Every structure is written in structure tokens, then in C-alpha cells.
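Protein chains in written order, with our numbering: chain A, 2 to 314; chain B, 32 to 712.
Backbone N, C-alpha and C fix where the C-beta goes; we use that ideal spot for every residue, glycine too.
Because the structure is a prediction, the values reported are computed rather than measured.
In what follows, a single structure is set out as C-alpha cells and then discussed.
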Amino acid sequence: MIQVIANSGLQLLVLLLVAPLFSGIIKTLKARLQTRRGPCVFQFYRDLLKLFRKGMVIPETASWIFSGAPYVYFTTAILVGLMIPMTTTYAPFSLFGGVLAVIYLLAFGRFFLALGGLDTGSSFGGLGSSREMTISAIAEPAMMLALFTVALGANSTNLSEMAGAAVSQSWRFLAPSQMLAFAAVFIVLIAETGRIPVDNPATHLELTMIHEAMILEYSGLYLALIEWGASIRQLVLMTLLVNTFFPYGLSSEQTLFAAGMGLCFYFAKVLLLAVFIVLIETTNAKLRLFRVPELLMVAFILGALALISTFLF
Amino acid sequence: MTMLPLGAVFALSLVAYSGGAVASLLSWREAGLARRICCGTALAGAILTGIGGLLALVQETPAAWSVSSGIPLFSYSFTYDALAGFFNLVLAILAIAVSIYSFSYLKEFEGKRNIGVFGFLFHLMLLSLTVVFTAANAFLFLIGWEVLALVAAGLVAFYHEDRASRRAGFLYAVMSHIDGGCLLLGFALLIKVSGSAEFATFHNIAAQMSSGELTAAFLLFFLGFGMKAGIIPFHIWLPAAHPVAPSNVSGLLSGIVIKCGIYGMIRIFLDSFGVVPSWVGLLVLIVGVVSAVLGVLYALMEHDLKRLLAYSSIENVGIIFMGIGAALIFRANGHPLLAGLALIAATFHTLNHAMFKCLLFLGAGSVLHSTGTRNMENMGGLIRPMPVTAFCFLIGAVAISGLPPLNGFVSEWFTYQSLLAGYGATGRLTRILFPLAGSMLALTGALAAACFVKAFAITFLALPRELKQHEVHESPRSMLVGMGFLATACVVLGVGATWVLPLFDGMMNQLLGQRVVGHFITGNGLVLAASTPAGGTVSTAVIGVGLMVLLLPAIFLVKAGAKQFGRKRGPAWDCGLPGLTSQNEYTSTAFSKALRMVFSVLYQPRREIQSVFDISPYFPKEIRFESGIEPTFEKRLYNPLKQLILSWSKRMRAIQAGSIHAYLVYIFITLILLLLFGVRP
Numbered sequence: 002m003i004q005v006i007a008n009s010g011l012q013l014l015v016l017l018l019v020a021p022l023f024s025g026i027i028k029t030l031k032a033r034l035q036t037r038r039g040p041c042v043f044q045f046y047r048d049l050l051k052l053f054r055k056g057m058v059i060p061e062t063a064s065w066i067f068s069g070a071p072y073v074y075f076t077t078a079i080l081v082g083l084m085i086p087m088t089t090t091y092a093p094f095s096l097f098g099g100v101l102a103v104i105y106l107l108a109f110g111r112f113f114l115a116l117g118g119l120d121t122g123s124s125f126g127g128l129g130s131s132r133e134m135t136i137s138a139i140a141e142p143a144m145m146l147a148l149f150t151v152a153l154g155a156n157s158t159n160l161s162e163m164a165g166a167a168v169s170q171s172w173r174f175l176a177p178s179q180m181l182a183f184a185a186v187f188i189v190l191i192a193e194t195g196r197i198p199v200d201n202p203a204t205h206l207e208l209t210m211i212h213e214a215m216i217l218e219y220s221g222l223y224l225a226l227i228e229w230g231a232s233i234r235q236l237v238l239m240t241l242l243v244n245t246f247f248p249y250g251l252s253s254e255q256t257l258f259a260a261g262m263g264l265c266f267y268f269a270k271v272l273l274l275a276v277f278i279v280l281i282e283t284t285n286a287k288l289r290l291f292r293v294p295e296l297l298m299v300a301f302i303l304g305a306l307a308l309i310s311t312f313l314f
Numbered sequence: 032m033t034m035l036p037l038g039a040v041f042a043l044s045l046v047a048y049s050g051g052a053v054a055s056l057l058s059w060r061e062a063g064l065a066r067r068i069c070c071g072t073a074l075a076g077a078i079l080t081g082i083g084g085l086l087a088l089v090q091e092t093p094a095a096w097s098v099s100s101g102i103p104l105f106s107y108s109f110t111y112d113a114l115a116g117f118f119n120l121v122l123a124i125l126a127i128a129v130s131i132y133s134f135s136y137l138k139e140f141e142g143k144r145n146i147g148v149f150g151f152l153f154h155l156m157l158l159s160l161t162v163v164f165t166a167a168n169a170f171l172f173l174i175g176w177e178v179l180a181l182v183a184a185g186l187v188a189f190y191h192e193d194r195a196s197r198r199a200g201f202l203y204a205v206m207s208h209i210d211g212g213c214l215l216l217g218f219a220l221l222i223k224v225s226g227s228a229e230f231a232t233f234h235n236i237a238a239q240m241s242s243g244e245l246t247a248a249f250l251l252f253f254l255g256f257g258m259k260a261g262i263i264p265f266h267i268w269l270p271a272a273h274p275v276a277p278s279n280v281s282g283l284l285s286g287i288v289i290k291c292g293i294y295g296m297i298r299i300f301l302d303s304f305g306v307v308p309s310w311v312g313l314l315v316l317i318v319g320v321v322s323a324v325l326g327v328l329y330a331l332m333e334h335d336l337k338r339l340l341a342y343s344s345i346e347n348v349g350i351i352f353m354g355i356g357a358a359l360i361f362r363a364n365g366h367p368l369l370a371g372l373a374l375i376a377a378t379f380h381t382l383n384h385a386m387f388k389c390l391l392f393l394g395a396g397s398v399l400h401s402t403g404t405r406n407m408e409n410m411g412g413l414i415r416p417m418p419v420t421a422f423c424f425l426i427g428a429v430a431i432s433g434l435p436p437l438n439g440f441v442s443e444w445f446t447y448q449s450l451l452a453g454y455g456a457t458g459r460l461t462r463i464l465f466p467l468a469g470s471m472l473a474l475t476g477a478l479a480a481a482c483f484v485k486a487f488a489i490t491f492l493a494l495p496r497e498l499k500q501h502e503v504h505e506s507p508r509s510m511l512v513g514m515g516f517l518a519t520a521c522v523v524l525g526v527g528a529t530w531v532l533p534l535f536d537g538m539m540n541q542l543l544g545q546r547v548v549g550h551f552i553t554g555n556g557l558v559l560a561a562s563t564p565a566g567g568t569v570s571t572a573v574i575g576v577g578l579m580v581l582l583l584p585a586i587f588l589v590k591a592g593a594k595q596f597g598r599k600r601g602p603a604w605d606c607g608l609p610g611l612t613s614q615n616e617y618t619s620t621a622f623s624k625a626l627r628m629v630f631s632v633l634y635q636p637r638r639e640i641q642s643v644f645d646i647s648p649y650f651p652k653e654i655r656f657e658s659g660i661e662p663t664f665e666k667r668l669y670n671p672l673k674q675l676i677l678s679w680s681k682r683m684r685a686i687q688a689g690s691i692h693a694y695l696v697y698i699f700i701t702l703i704l705l706l707l708f709g710v711r712p
């Protein structure tokens, strides 16, 4: 029991405290690869701290939806994080929500952030919300199809069961269905976290903004909650990817040692994935908005192929 | 013994409805009295129907009454079994909410419209609905069905001075008669096989039918019930009829009247036919997928709030069809537990959709009541003058987008789980189709979220566009109570899903011959489970509580920070551009532009820009802009059909010479033919 609580506490701490670090690492690595010095990896923490000490300006045109959206965005991200196995195959909330609840809770956060974007009446907010909802709508079927393939292999949509099934067959990730599904989910990860080639997190240029346009009017603590929530969401999706496809180091036991070992493996895997994302970001140019559906269509076809190739074995 | 209270309640509800109908008609001169009678008796009848529905769901044995009529094949037979109880319960919840809502809503009719006639039609609609759900004789069922169609057409065309309403009422009447005709032929086939028109004799009738008869009967019933439910491609009457009706009626039309189609399919395909070949289920599943995706795609393009909701009904009927299709396939393959899972998905979604769609229509009615327009492009900022309506509408929007922990998520979760279960439990082709259908459900869900972000935000958020803020007011209290009742139902059915689910057990036992609900609840009754090969668990109760618990520290943090560092209101930053006006806002058309481009193959969007200038095109005096999407089904399917029928009728005119001698010859020839037909060996 104590170990279960300790594990859940650990998972909560990692989500809250380490998520910004990975955002920082991705930023710094990207700068290095582009032969810039880039910010320190801890810059994201400093930004958050700065925002936490700023006053807020609420647009006169906005209603309570504007103020409510950051809370929903932030809390859904954490709740989802607690449903995904991180260091062991066990996740504190895995009984209370499987992969479907994860995807729909993320959609819940997005729903309110899009409302918040539209609430101010500025055209940028509307632009961001419209684009975000469009892209997520096209990304969703690809994501579901790929995750279904994994779920069908594990005979469950419960994430602990899925991770457990992956652990028990350690070479399963080499099966064609798993590789195709991984590729599909990776493309969706890029789209959902707003990275190049779908969205550029560094831009504030009207023509290319998606996520940034939605949150343009937010300031101070609300902005901090959103930025923090966004980095947690990113870590959550990366965790989902590494732990359902490459469950190395995930132990099915609930001991402190297993959790510690699991944590080391987990950081190594996420770091590796971060490097992979950085490589994709630096070697690609941002796509025109109406090219993005084609990319997501590729992801959907990869997902469908993954499903069909389950017949191979 | 158990029959007695149920019978009394049922009889009393019928008396309340018919008495209310007559009383409202008689009191038509006194508008205020007519309004009170109309809402009061409907409320009383609805409460009785609700009690009856609950009793029937809980008790084991169905209650049945039959009075012979002396006419062959026709009898006044009613069976109040669990299935009837379930649909009556859904009807009752909606009717209670709508009756309360109408109490103030009908006030604007006073002095302008005949409330007596409205009350008459309204009561007859409730009466015929409950007759349809309980009738146990094919002809009694058809009479209820036809009365319902006529009354609903009357209510659709209630604003009869408006051309669009009249046309919609006509279209509704035509479509209902076509579907009634299909059902009549379908029942004729069943009666031919069983020799009786009682539903009881139809039990497991599929086993006695030849495959040709079964195919014909299935297609006839599928057409009839599908048309009533508004599936694509028989949907065009739905977005025409539901928006033009008075809003309280729209709520019932989308909430429960189209569900008669769902009821009929479950009654005939699952209760009467027994086991059907799996292609039947496959057809239902595929039609469901197509309706869901296309329905929501058309909903996204609407800027008429009530039309948007009507299209979204098509989408949700599609989702229900997916569940029914999956249940039929599982049954054909001999998996009763999985069939139970899929059937719970379908019936729970029927219940949920009734709640949130009626809520949204009542919300739209409240907006229409206060602003006088259905066009979202003119609205905006309504959350300030109408906070309660906005809050209720938001609950409905979250629920219909299938977001946890509200009720839409629960039934979509069951639908996903049953589709996933299909992978391991069926043949090779269907195996692939099931997860693909699941991914299309994901597309539907995400598009629905986009659609309702648009519907809520454009209507209620940001700055008011055309409307003067001070002229808009919150609706009277009884309308708010009606909406609040349904909003509460959405929350309770979502968070309390594990407590509601046992109510379905009697119905599952009746339809599948075994109790399945116990398999779908674990974790001290807190967790929903799909105890199937592709199992999974979810707990909306824990998700709801978890969100609340996590919300507290976040709120505390922000409140403390705001106290120390300040929180003030200021003009929107808007990238430094001063003077934000409502003209800067995203409109409904602008919001859906990106999706219009992505799905341009389907929409075939067109736009026309004409500018008028004197000297140079750079100094236009006037610009005319027009844009629209192609109504594919009307243009490619219905217009050619209409032309065909018209050209045939023109040819038929040749024999309609108007001469009485010719008609006498026709009658004579027909008589001889009939005699020949009658004495044929």
C-alpha cells in the first residue's frame, strides 16, 4: 500500500517537476543542432517562475470561460498523466481510465482552451482555435487506429495491461504492425504537441500560429498554468509512446527498487525520443497549413496498414 | 399482481394525455388557461409514464393487456415490457423537462397563436409516442405511428404563415408516409408467415422465413425505421423539419420522435427476428458509420443554430446504429455477452442523446426566444445577458462532444469497446471493418467537439455582433428549470453511470435471454468494465472527482497569486492593435473554413465575389460576397428522383381524360382483373 502511494506520488512529482525540463532539453538541443547556443535547459522553469510572479490582465471582452479554460487544461493533463504507466507497468489511475479516457480527457482540455481562444473576440484567438480543432479532428482517427492495433494485440484498452503485454513479449516492437503503429502515433505526437512540421512553437507570426494564437491573450498565472499544462501534455504523450511501444525497464513489481530502475530507464527512453523529435524538427520545414492534412492522412494510412498487418502473425 | 400498479399507471397516463388534448382544445379561447392545462396535464401524464417505465424496467415479468376489437387481425393489445419501459422512461424525462419549459415558453404565443390547438397536438404526440412504444399488435402500432407522423407534421408546420415551415411540414408528411408504407409492407410479410398480427407471434420469426422473405422484410423495415431515424441518405427531411418547429417541439422531435426508428429496429430485429444473418448487422453498421461522419460534417458547416443541432442528430443516430449493427453481428456469431455490450452502447446512447439534444434544442429555443434569430452570425456575447442558458448549453455541448466525465463519453466508450471486441469475435472481413469503424467514430467525436466549440463560442462568447446587448434578456424561470433538469440528467448519467446501468438489465434479459450488466461493472460498483476479449475499464465517477480534487490546488494557487500580484481587466491585447470590435471576431463561417478546405471534395464549396467600382478596381464602392456548399444529396439524389416522378405523373395524365365514360371503363377492367386474381387456381 505504501509503495503504491509512493509510486503515485513519484509519478505526480515527475509530471509536475520534470515535464518542463524535457521542454527545455528539446529547445536547447534544437538550438545546438542549428549551431546556436540556445537557452539553458532550465530556462523553462525560470519562465514559469517569472509568470507566476506577474499580475494578470483579463481582456474586458472575455467571460468566465476565459478564466476557466487554463484550469481545465492543466488538471486534465495531470489526470491523464496519472493514468499512464511510467516507471512500472502499474499506473495509479489505470483502472479508472484506459487509452480511450486518455484521448478524450486530452480533448476535454483542448475543447476549453479553444473556447478560451474564441472568448476574447480577437481574430488571432479564433484563428488558433479553428486550426487547433481542425488538426486535432484529423489527427484523432489516425491516433485511435494505431492505438487500437496495440490494444488488440494486448486484448485490452487498459494501459497497464497494454504495457504488461508489451513487457512479456520483449521483441514485439519489431512486428510490422507495431512499427507501423509507432510511426502513425509519432506523427500524431508531432501534431498534438504543436511541433514542426505541423506548428512552430517558437513563432508568433500571424500566418503560422496555431497553439500560440489561441493563448495570445493569456498572461501571468493563467499563462503559466497553460504553458505548464502544455509541457505536461507533451510529456504524457511521449510517455504513452515510449511505454506502449518500448516497455524496456518497466517492471511488473511494485517495489521501490523496481520503481527507481524504471525511472532511470524511463528518463533514458524519453530523452532518446526527445532527440528524435529534435532531429525531425531541425531537418524539416514547417508545412503549409493545408498540407498538414496530407501528413495526417499518411499517419492514418500507416495506422490502417498496422491493423491489416496484424493478420501476418 | 405486479401487473396491477403498472396497468393503473399506464391507463392513467393515457387518460391524462387524451384528457389534456381535449381540455386544451376546449379552452382555446382562454389563452392563459389553455397554456396552464397544456403544460399541467402533460407534466402529470409524463410523470405517470415515467413511473410506469421505471416499474416495467425493474419488474421481471412484462405486463400485457389485450382487448379484441372484432376486426380480423386487429386488437387493442399492449405489452409493457422492459424495452417499452425503457423508451417510455426516456420519453417521460424529456416530456417532464419540456412541459416545465413550455410553461413560460408558450407565453409568447398568447394572443398570437392558438395555444389550444398546440396543446391538442402536443398531447396527441405524447399519447401516440407511448402507444407506439407499448403497442403489441402490428396494426395498433401502425395507427400510433401514423397519428404520430400526422401530429408531428402539424407541429412542424405550426408557424404556418412561414413558407419554409409549410414546406418542411409537407416534406415531413411525405417522408413519414413513405416510411409508414414500408412498415406496412414489412408487417404484411410477417403476418403472412405467422398468420397473426400480434407481436407475440412474431417471436423468433426469422427461423420460419425463407431467406428471400427475410431479406425483403429486413430491407422494408430497415427503410421504414431508418427513414424515421433520419439516417443518411434518407435524412433530408430532418434538417428541414426540426429547426422550423417551435423549440420545445424540436427538442422532443430530435430527442424522442426519431428514436421511434431505433425502438422499432430493436423491437423487430432483436426481439422479433431473433438471430439474423450477419450481413444485416454489417449493413446497419456501415450505414451508421456513414451517417455519423457525414452528419457531423454537415453540422459543422451550418450557421443556423437549430439546423446545426438537427444535423448533429443524424450523427448521433449513426452512432446508435453502429451499436445496433455490432449487436446484430455478435448475435449472428453467437456472442451474447458482446451483443449485450453493443446493445448497451446503443441504448445508453439513445438515452444520452435524448437528454443532451433536447437540452441543446431548449437552449437554442431560449436564445431564439430572447434574440428572435437562429442565425449564429448575428449572435455573440450572449453569456453575459443569459448566463444560465449559456451554462446549460455548455453542459450539453460538452456532453454531446463525448468528453468525460459526462454522459456522452460513457456511451461512446461502450461503442468503442464493442467495436474493438469485434476484432476477435467475427470473420475476417468484419474483423478489419470493426476497428476501422472505431477510427471513424474517433473522427466523428473530434469533429463533433469542433462543431460544438463553434456552436457555443460563436453564440455565447466574445462581443455581440448584430444584437443590441440591452435588448437581450435571460429567459423566464420555468424555461431555466426545464433546461437545468436536463443538464443535471447529463451530469448524473455520466458520473453515476455505474448506478444507472443496472436499470438496463431487465431489457438485456428480455432481448438476449441473459443478464449481462453484472459483467460491465467492477471496482466496488465504481468502474465500468468491458469484460470481453478487448476489455478495458473506465470510471467516470473517479474522473469527475479527480478533476475536482486537482482543480482545488490550482484554484488556490491562482487566487493566492492574484491577490499578491494583481488581477485586473484591460482591453484585449490583440497583438497591439487598439480598438477591438465585433468585426474582428471569428464568425461561424470563418471558424469552419479550415475544415471546409480539408473536406472540399465533399462540400464542393463555391464563392462569388463581385465588386462594383467607378474608376479603378482598387477603389470599390461595393463588394458582394456569396459563398455556400453544395447540397450533394439534394442535388444528386433527390432532385433527379423528383424530376423522374414528375415526368411519370405527366405521362399518367394521358389516361386522366376527365371523361366519366373512361373512368367507368377503368373501374370495369379493374373489377375483372380483381375477379381473375381472386379465382386464380
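CB-CB length for residue i against residue j, believed under 8 Å
{"i": "Ala95 (chain B)", "j": "Thr110 (chain B)", "result": "5 Å"}
{"i": "Phe218 (chain B)", "j": "Ala166 (chain B)", "result": "Contact doesn't hold; Cβ gap of about 11 Å is too wide."}
{"i": "Pro671 (chain B)", "j": "Thr571 (chain B)", "result": "Not quite, the Cβ-Cβ distance comes to about 47 Å (not below 8 Å), so this is no contact."}
{"i": "Arg405 (chain B)", "j": "Leu336 (chain B)", "result": "5 Å"}
{"i": "Ser281 (chain B)", "j": "Pro274 (chain B)", "result": "7 Å"}
Selected residue, minimal CA-CA separation from residue i, among the options
{"i": "Gly116 (chain B)", "options": "B:Arg144, B:Val441, B:Ala87", "result": "B:Ala87"}
{"i": "Arg111 (chain A)", "options": "B:Leu85, B:Ser432, B:Phe233, B:Ile355", "result": "B:Ser432"}
{"i": "Leu359 (chain B)", "options": "B:Met156, B:Ile375, B:His266", "result": "B:Ile375"}
{"i": "Tyr91 (chain A)", "options": "A:Ala7, A:Phe312, A:Ala286", "result": "A:Ala7"}
{"i": "Arg546 (chain B)", "options": "B:Gly458, B:Leu372, B:Asp335", "result": "B:Leu372"}
{"i": "Val441 (chain B)", "options": "B:Asn383, B:Gly50, B:His191, B:Asp112", "result": "B:Asn383"}
{"i": "Ala377 (chain B)", "options": "B:Ile297, B:Gly412, B:Ser130", "result": "B:Ile297"}
{"i": "Gly439 (chain B)", "options": "B:Gly458, B:Pro418, B:Thr475", "result": "B:Thr475"}
{"i": "Gly221 (chain A)", "options": "B:Arg600, B:Ser159, B:Val429, B:Ala520", "result": "B:Arg600"}
Contact under 8 Å by Cβ, residue i with residue j
{"i": "Gly127 (chain A)", "j": "Tyr617 (chain B)", "result": "yes"}
{"i": "Val121 (chain B)", "j": "Gly261 (chain B)", "result": "no"}
{"i": "Gly129 (chain A)", "j": "Ile211 (chain A)", "result": "yes"}
{"i": "Ala39 (chain B)", "j": "Gly150 (chain B)", "result": "no"}
{"i": "Ile79 (chain A)", "j": "Leu581 (chain B)", "result": "yes"}
{"i": "Ser278 (chain B)", "j": "Leu399 (chain B)", "result": "yes"}
{"i": "Leu675 (chain B)", "j": "Cys389 (chain B)", "result": "no"}
{"i": "Ile263 (chain B)", "j": "Gly326 (chain B)", "result": "yes"}
{"i": "Met215 (chain A)", "j": "Gly122 (chain A)", "result": "no"}
{"i": "Cys213 (chain B)", "j": "Phe134 (chain B)", "result": "no"}
{"i": "Ala47 (chain B)", "j": "Gly83 (chain B)", "result": "no"}
{"i": "Leu116 (chain A)", "j": "Ala488 (chain B)", "result": "yes"}
{"i": "Val186 (chain A)", "j": "Ile85 (chain A)", "result": "no"}
C-alpha distance - residue i paired with residue j, whole-angstrom precision
{"i": "Met32 (chain B)", "j": "Ala155 (chain A)", "result": "With a pLDDT of only 43 at Met32 (chain B), under the threshold of 50, the placement of this residue in the model should not be trusted; the figure read from the coordinates follows. In a straight line, the C-alpha of Met32 (chain B) is about 50 Å away from that of Ala155 (chain A)."}
{"i": "Asp536 (chain B)", "j": "Glu346 (chain B)", "result": "27 Å"}
{"i": "Val643 (chain B)", "j": "Arg637 (chain B)", "result": "20 Å"}
{"i": "Met538 (chain B)", "j": "Leu517 (chain B)", "result": "23 Å"}
{"i": "Phe361 (chain B)", "j": "Arg292 (chain A)", "result": "40 Å"}
Sequence ranges, alpha helix (DSSP H) only - wholly within the region 51–104 of chain A, length at least 4: 65–82
Secondary structure, alpha helix (DSSP H): runs of 4+ residues fully inside the region 623–708 of chain B: 624–629, 631–634, 670–683
Segments of 4+ residues assigned as alpha helix (DSSP H) that fall wholly inside the region 150–190 of chain A: 160–169
Every unbroken alpha helix (DSSP H) inside the region 434–515 of chain B [4 residues or more]: 438–456, 459–491
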